[in-house]
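Residues in the sequence shown are numbered consecutively from 5, following the numbering used here.
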Amino acid sequence: MIVTLSKQKSRVTEILVFVISSFFLLVTLFPYMYLVLSSLKPPNEVISTNPSLLPSVFTLANYNALFHQLAIGKYFVNSLITAMSGTLLSVFLGSLAAYGLTRFASKLGNLFLLFTLGVRMTPLISVAIPMYRIIGQLGLMDTKLALVLVYTSINIPFVIWMMIGFFDNLPKELDESARVDGCGMFGTFMRIILPISLPGIATTSIFSFMLSWNDFLFALLLTSTSAKTVPVGISEFLTAYGLDLGPMTAAATIFSVPVMLFSFVMQKYIVRGMTMGAVKE
């Protein structure tokens, strides 16, 4: 009897958890669902006094208008190149710095960590003008290289703090064994430490990529035509004469796909990556 009641309570708890989780999932997904469905509505239904979730007729008119009014393909490629390059550079350099800080602990290293934390906590808007002047003096205005350098610099502090937690959990005996086999410090980092830290690298890469991919501030300041990215391009639909919301929803839908695909590919590492560096073994 007691066992039966226990099973019933467990079943009720599971159902309750499922219902609550489903509710919050729907609340979370609703804005994105509305965005995607709005992009498939006729242009006159996107902004309406009587809005509805489902379009009266499914159409690709907004996507057609998007590709005719905006060089979305070029902007998309620019966003992809700058975000991926910035992510790769920041993850590699930040991981290398974090590895050095964990293997050569010192007071100077601790001060450097505090400095990187301060940099990370600094609002990006406060460094926008200095970045603008530096890029201008380097002659890199309106170039993809400028955005890559900026994204790398603003992501490195985050990467360092994330990866230090993972490297701290790796036994130093790994380094010693590699050194006995004739492997140098850089070789140890590349051949042993990085492969073992793949969950942390994947998680850090996702967050770094999202920060670079969604950037509007620096892309607006540092580009004008040739290196313009999708967020800046989408803003062109907002003018003094009105808001062309139909193509904007289509552009936003397309713009969300790479992050979703990247997260989907890396999802098996996300949970391990978020918890692995949080517990000191």
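Glycine included, C-beta positions come from ideal geometry on N, C-alpha and C.
>> If you measure between the beta carbons of A156 and G90, is that distance less than 9 Å?
In response: Per the sequence presented here, residue 156 reads as Thr, with Ala not at that position. Yes; because the gap between Cβ atoms is below 9 Å, this pair is in contact.
> Grouping DSSP H, G and I as helix and E and B as strand, with all else coil, what is L242?
Replying inline: strand
> Below 9 Å between beta carbons: does that hold for L117 and I168?
Replying inline: yes
> Since W165 contacts L112 with CB under 8 Å, what's their CB separation in whole angstroms?
Replying inline: With a Cβ gap of about 17 Å, W165 and L112 do not count as contacting.
> Taking Cβ positions, are I76 and G237 nearer each other than 9 Å?
Replying inline: yes
> What separation, rounded to the nearest whole angstrom, lies between the Cα atoms of E180 and C187?
Replying inline: 9 Å
> Are there three or more Cβ pairs, one per stretch, closer than 8 Å when the region 212-230 is compared with the region 135-150?
Replying inline: yes
>> Out of A132, F162 and L202, which one is the CA nearest neighbour of A150?
In response: A132
> What is the residue span of the alpha helix (DSSP H) that V131 lies within?
Replying inline: Note, V131: premise wrong, no alpha helix (DSSP H); not H, not E.
> How would you call I19, buried or exposed, if buried means at least 16 neighbouring beta carbons within 10 angstroms?
Replying inline: exposed
> What residues in its chain sit with their C-beta under 8 Å from that of T17, if we drop five residues either side in the sequence?
Replying inline: none
> Roughly how many angstroms lie between the CA atoms of S43 and L92, to the nearest whole one?
Replying inline: 32 Å
>> Is it buried or exposed, G204, if we count other Cβ atoms within 10 angstroms and call 16 or more buried?
In response: buried
> If we ignore side chains and look at the alpha-carbon of each, how far apart do A102 and V263 end up?
Replying inline: 26 Å
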